[in-house]
Structure formats: C-alpha cells, structure tokens
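Structure first, commentary second.
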Amino acid sequence: MKQPVKNVLRGVARATEYAVSSVLIPYLSFRYLRDLNVGGFPISVSNEQYDTIIFWITAIGLITVAAAFGVGSSPKRTPRKAVFLMIQTVANCIYIYSYKFSGAADYSMAIVGFGTISFSVGALLNLWMGVIFLKTALNLYDFIDAIIFQKKQKKLRLEQDTEGEKDVEYGANNLSDNLGVVKK
Amino acid sequence: MNNTFKYAIIAFINQFDPTMLSGILGTIIYYLGFVKPIVTAIITFLLPFLTPLGELIKDFAQTVFSSLGAGDLTYYFLVALIILVVGFAFAVLSPGHDPIKKEKKKE
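So, in structure tokens, the structure goes:
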C-alpha cells in the first residue's frame, strides 16, 4: 500500500476513535438524559443546561476530531505532528472547560422514593487541567525534538547521497582501469 | 429505533421496585468503599502539583472560551474543515518515509 493512502487511513482511524469517544458517546448520553421520561418510576433531572452542553460537545468535538485526523496522518517525529498535537491539546482543554462552564461538572438527580444523588467533579476537572498543562509541555518538547530529528535526518541523507556519488565515481574509475587492462 | 431503545430502558427500569434499586445502589457504594482509599491517595499526591497548573490552564481556557461564539456551529465546522483539509494535503503531498519511492530511485 502506498504511503499517502496509509497516512490517510491512519488519520481516519484516529479521527473515528476521537469522534466516538469525545463526541458520539457524550452527545448520546446527554441527549438520552435530556429526553429520559420513565413511566411508573419518575426520574427528574435538575440540570437544565443540556442544550448548551450538547452544543459545546459538538462544536469543540468537531475541532478535536479534525486535529486527531492531522495527528494520525502525520509520520512520527515530524514538526507537523507536534503542531497538530498542540491544536488537539488546546481543543481538548477548551472541551473540558466547556463541561465545567455549562454545568455538567455539578450534577444532581432526584429519584422519587429514594432521594437525591448529586456529584461535583469540579476539583477533578482542575486536576485534569493540570494534566493538560503537562501534555502541552510534552507537545512542546515533541516539537523541538521533531525539528532536531528532521535536521539530523536531512544531514544524514545528504551524507549518504554524497557517499553514493563517491561510490559511483569509484566504480567508474575501476571500470575504466579494467577496460584499460583489457586494452593492454 | 430511538423510541424502541427508550421503551426498552423504561421496561428494564420498571422491573425493579425502589427497595431493590436502593439495594443495588447500596452494594455499589459498598464496593466503591474499597476503591476510595486508592483513588484518594492518588489524587492527594497529585493535587498540590497539578492544581496550580490547572488554574493556569483554566484561565487560558476561560480567555479563549469567552471569545468563542455560541449558538452557531458554522464557524466551528469551517475551522474543523480547514484543519482536515490541511491534514489531508500534508498526508498526500508530503507523506514522509516512502520505501517504494526510494527503491524506484535506486533503480
């Protein structure tokens, strides 16, 4: 299989993975929670900002998926992969912040006959933001590493090419010598 | 299809009476009690390092988020499309290491 086709297929696979995990599953979950109306066993969900949550999931999710395609389709240790990774990390950061902003981080559900279940993952999201900071630092390192690696590779290729030319010249000299021997 | 799935969930939930549901929840909470110390230890260890960094990123996200427009998906779709096209163009025009091409060049 040709390299461009391989790249595109890798990109599509990574984009699909992100589309399922960061757009489709959250989108369907929040949509079902919004529409859930259980007869005989009423569940009332107090959070009413589902439309905002769904909007941000779709909007930022789209950018995350596109960046994931870029990351997947780029070869290893290239600056463009690092740039796409950076875009993906920034998109992820805003994606997580959108959860907090839209109120999905503080959730409460009242079940009639049982009580209320409520949870707040605001502190955990802050922790995750810290992880994103570390990821950004790693991406920067990847970017610098990719530039250095590409320069080294270029230098190596140039050296190989010049060696190849030398070999060809050496081979030609030998051939002329041999021809000379035959002539003699 | 959508309604079928919804009714299936309703039928599934209707099988249980409230006391049974509370029993199930009680069991889940009982088992979560075993996981709790491990999660607490990890979070307590990481919290002092990561929370200040998280606050920094949160401020950055807040700034970016406040400049983003809500209600219209067109802009986001366009941005995603641009990134996708750039990614595709790079993947096709500059594919990186290509052993087939190298072999052809050698020949």
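So the sequences go chain by chain: A and B. For the first sequence, the positions run 264 to 447 when my numbering is used. For the second sequence, the positions run 45 to 151 when my numbering is used. From the three backbone atoms N, C-alpha and C, an ideal C-beta is built for every residue, glycine too.
Asked: Below-7 Å beta-carbon distance, B:Val79 vs any chain A residue; Found: no
Asked: Assigned exposure category for B:Pro92 - 16 Cβ within 10 Å defines buried; Found: exposed
Asked: Straight-line gap, B:Glu99 to B:Ala105 (C-alpha atoms, nearest Å); Found: 10 Å
Asked: A:Lys414 and A:Thr352 closer than 7 Å at C-beta; Found: no
Asked: Straight-line gap, B:Lys102 to A:Arg420 (C-alpha atoms, nearest Å); Found: 44 Å
Asked: Cβ-Cβ distance between A:Ala329 and B:Ala114 below 7 Å; Found: no
Asked: Partner residues on chain A for B:Ala114, Cβ-Cβ distance less than 9 Å; Found: Thr315, Phe318, Trp319, Ala322
Asked: Nearest candidate by alpha-carbon position, reference A:Val346, set A:Met392, A:Ile357, A:Val334; Found: A:Val334
Asked: Whether B:Thr95 touches A:Asn389 by CB criterion (7 Å); Found: yes
Asked: Integer Cβ distance of B:Ala135 from A:Pro267, believed to fall under 8 Å; Found: 6 Å
Asked: Listed by chain order, chain A residues near B:Val139 by CB distance under 7 Å; Found: Checking the sequence shown, residue 139 of chain B turns out to be Pro, not Val. Neighbours of B:Pro139 on chain A, chain order: Gln266, Pro267, Asn270.
Asked: Coarse secondary structure for B:Val136, derived from DSSP in three states; Found: helix
Asked: CB contact check: A:Tyr358 to chain B, cutoff 7 Å; Found: no
Asked: Beta-carbon spacing of A:Pro342, A:Ile320 below 7 Å; Found: no
Asked: In chain order, each alpha helix (DSSP H) run of at least 4 residues that lies wholly inside the region 324 to 365 of chain A; Found: 342 to 365
Asked: 8 Å Cβ shell around A:Tyr358 - same chain, five flanking residues per side excluded; Found: Ser285, Trp319, Ile320, Ile323, Gly324, Thr327
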